[in-house]
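Take a look at the structure set out below.
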Amino acid sequence: MFGNRTDMAARAAGVMHTDPRARPVNQAADARLAEIAARQQADALRSEAPDAQPGPQPAPALRSESQEAAPVISPEDDRRDPDQNRNRAMGHVVSCNGSRVVIQAVADHVTEDENTQWAIGRLISINLGKSRIVGLIYQLDTANESWSDDGENSIVVRAELQGEVVDGDDPENPIFRRGIANYPHVGAISHRIRVNDLRSIYQSKNRKNAIIGTLSQDSSVLATISVQELISKHFAILGSTGSGKSSATSLVLHKIQETMPELRILILDPHNEYSRGFRDSAETIDIDSFELPHWLFQLEEFCEVLFRGGPVLAEERDALRDLIPAAKALYTNKKDHLSIRKNVHMSNVTADSPVPYRISDLLAVIDEHIGQLESPINRSVLKSLKGRIDSLSNDPRFRFMFSQLMVTDNAIEILGRIFRIPSEGRPVSVLHMAEIPSEVVSSLVSVLCRLAFDLTLSSNGGLKVLVVCEEAHRYIPEDKSLGFAPTRQSIARIAKEGRKYGIYLCIISQRPGELDPTILSQCSTVFALRLSNEADQDIIRGAISSSSASTVSFLSSIGNREAIAFGEGISTPMRLRFSELPQEWVLGHIDEPDEAGSHENHDLEMIAVLHKWRSG
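Heads up: take any position in the sequence shown, counting from 1, add 270, and you land on the working numbering.
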């Protein structure tokens, strides 16, 4: 028994036993071990079939039913066509958390085709057999933080998942879907996205779509927008000065106009530059032809003009609340007056009602109160108010409000011209605001936005208007203490309720960080051109979906005419390059300086400038 224990210990220690009696036992054990080794070798050979992936195989991962049914995809089978480069960039999924994926791949140190390499901002595809997951590369690293020029280098690719491409009845026209039904498993093949898949993402056959450029990563793929989705849910064009914002705006507006010719477009132009780009389709309204009667202004808007944008005295505002309805009644009751509002019951008229009245009638009512022994309004308030109204109505800069032609009820002609009813082949109206006194611009914008909303609401869907608010940070600043409250309210009303009634909003700004975030958040589509300011980038970062947040990092380095576009009007976030503008669409001042002009011509031009300046 002791000898048997010694034998077992020796065998456990791996020592060859020389006892002849133990030799048959050792031979039997060796035969058994050889049989096991042979079986393992056979299993290993079967696992190295031609279609299997080279290199170490990952452990089986949990998969959905659709993934279990998917065939095994080899690198050769996954090529887009037989002529495709066999050495195209390819990798394997090593990690996935539901919104992002990590891919292990190999990068060649030398290549003639940069398009075959992994690069930030490029779309990649992860093949699951029946579907392909689309990802956007946002970070690249070498596996060991070093680089070798002698051969291949292992790299780590990190990408955000964008959606899923599924083959339909026509293999040449796959279908892109936002969201992901089946997530990639560990070991899934990843590679540069197929051209057909790329087109399915960014191009649509919807007749309401318009082409605005090409993808920055592949100029052969057109970048399209859904015009209906773009305007019905509002949009914003944001970018630093010099980034191509004006050209992008002109291009997008022309594409909207071509796709929806029935749409009226009102452009609030602070620099008088849009008329040149819309010569054939726009009615230009400059300071000399602009008419907006004072009686179309509500009380708060009229006070903003009356006090030239400064603080409004509560006593004078309260006095006007009673005096203006009296002036309207005095005007309406004149026997020789013919008005489309002749049946208005004056008991229902307030200071905000759009009923005509003369400034002379308002002054007459004030004089009447001044002459009363016991006027409910303080005489000093009345005298101060009369002085303000006299000064304002006689200021030539405000003749667009107080012209003698505006003492009749001509709302049909005035509003018809501003909002192009009928359009007469010119559905766009461009309002030149550079020459309008700056202290009343906010009040003017408030009136126009309010009227646009009221008209579309009253048309029962017959009128659709797009209001283009250039340099919107002037009118809807982030700081609530700045700006004119009724202007903010008018624009916010369009942003929040306008889509239900057919009035839409386009916000343009070079400082999105200074915009009211509540109103900007209502713009469901954003074109973000180059933005260098970190605060401005934070606004975009907060607006874009989490699955595409990494694209914001490109904003400070993208080129002119390039933009990151995302939202309801875009199939999926994209980096695009806007198309070159035809010369007739380029914005700018219509009257270009004569470079070859003589000194005499310059003198004549200066005389004209001085005359216009002195006349107001």
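From the three backbone atoms N, C-alpha and C, an ideal C-beta is built for every residue, glycine too.
Asked: Residues near aspartate 622 by beta carbon distance below 6 Å, same chain, minus five either side; Found: Gln568, Leu569
Asked: Through-space distance from valine 376 to glycine 361, alpha-carbon basis; Found: 7 Å
Asked: C-beta contact flag for serine 486 and glycine 839 at 8 Å; Found: no
Asked: Secondary structure of proline 787, DSSP reduced to three states; Found: helix
Asked: Straight-line Cα distance separating leucine 701 from arginine 801; Found: Note on residue identity: the sequence assigns leucine, not arginine, to residue 801. The alpha-carbon atoms of leucine 801 and leucine 701 are separated by roughly 28 Å.
Asked: Residue range of the unbroken beta strand (DSSP E) whose run includes glutamate 434; Found: 423-436
Asked: Residues that histidine 362 bridges to, as DSSP identifies them; Found: Gln374, Ile459
Asked: From Gly657, Ile746, Ser751, Arg447, residue whose alpha carbon lies closest to that of glutamine 759; Found: Ile746
Asked: Nearest to glycine 368 (by Cα), restricted to the options Gln387, Gly449, Asp631, Asp411; Found: Gly449
Asked: Serine 849 versus leucine 590 - alpha carbon distance; Found: 53 Å
Asked: Nearest candidate by alpha-carbon position, reference arginine 658, set Phe572, Asp808, Leu600; Found: Phe572
Asked: 8 Å Cβ cutoff met for isoleucine 252 and proline 563; Found: The structure shown does not extend to residue 252, since the chain spans only 271 to 886, so no value can be given for it.
Asked: Contact belief for leucine 662 with phenylalanine 668 at Cβ below 8 Å, rounded distance in angstroms; Found: 6 Å
Asked: Short Cβ contact (8 Å threshold) for arginine 845 with glutamate 832; Found: yes
Asked: Environment of threonine 620 [buried if 16+ CB atoms lie within 10 Å]; Found: exposed
Asked: Under the three-state DSSP convention, the category tyrosine 771 falls into; Found: coil
Asked: Cut-off 7 Å between Cβ atoms - residues of its own chain near arginine 690, not counting five sequence neighbours on either side; Found: Arg534, Glu553, Arg696, Pro697, Ser699
Asked: Residue(s) in a DSSP beta bridge with isoleucine 555; Found: Leu701
Asked: Start and end residues, alpha helix (DSSP H) containing glutamine 409; Found: Looking at the DSSP string, glutamine 409 is not in any alpha helix (DSSP H); the run it does join, the beta strand (DSSP E), is 401-412.
Asked: Closest by C-alpha distance to lysine 503, when choosing among Glu585, Leu410, Leu790, Glu434; Found: Leu790
Asked: Simplified DSSP assignment, three categories, for proline 747; Found: strand
Asked: Complete runs of the alpha helix (DSSP H) confined to the segment 516-586 [at least 4 residues]; Found: 544-547, 569-576
Asked: Own chain, CB closer than 7 Å to glycine 547, minus 5 neighbours either side, in chain order; Found: Ser520, Trp855, Val856, Leu857
Asked: C-beta atoms of proline 735 and leucine 536 nearer than 8 Å; Found: Inspection of the sequence shows that residue 735 is occupied by valine rather than by proline. It is a contact, given that the beta carbons lie within the stated cut-off.
Asked: Helix, strand or coil at isoleucine 809 according to DSSP, with G and I counted as helix; Found: helix
Asked: Nearest candidate by alpha-carbon position, reference isoleucine 688, set Leu785, Leu633, Leu538, Ile834; Found: Leu538
Asked: DSSP three-state assignment for isoleucine 390, whether helix, strand or coil; Found: coil
Asked: Local Cβ density within 10 Å of aspartate 419, reported as buried at 16 or more and exposed below that; Found: exposed
Asked: Sufficient close CB pairs (3 or more, under 8 Å) joining the segment 582-600 to the segment 721-732; Found: no
Asked: Cβ neighbours of valine 710 in the same chain (closer than 6 Å, five flanking residues each side left out); Found: Val575
Asked: Residue closest to serine 794, alpha-carbon to alpha-carbon, out of His859, Ser841, Tyr453, Ile555; Found: Ser841
Asked: Those residues which DSSP pairs with glycine 836 across a bridge; Found: One detail in the question is off: residue 836 reads as phenylalanine in this sequence, not glycine. Answer is Val796, bridged to phenylalanine 836.
Asked: One or two residues paired with alanine 480 in a DSSP bridge; Found: Ile495
Asked: Integer-rounded CB distance, given that serine 401 should sit under 8 Å from valine 456; Found: Wrong, their Cβ atoms sit about 17 Å apart, outside the cutoff.
Asked: Cβ-based burial, alanine 584 [other Cβ within 10 Å; buried from 16]; Found: exposed
Asked: Extent of the continuous beta strand (DSSP E) to which phenylalanine 446 belongs; Found: 445-448
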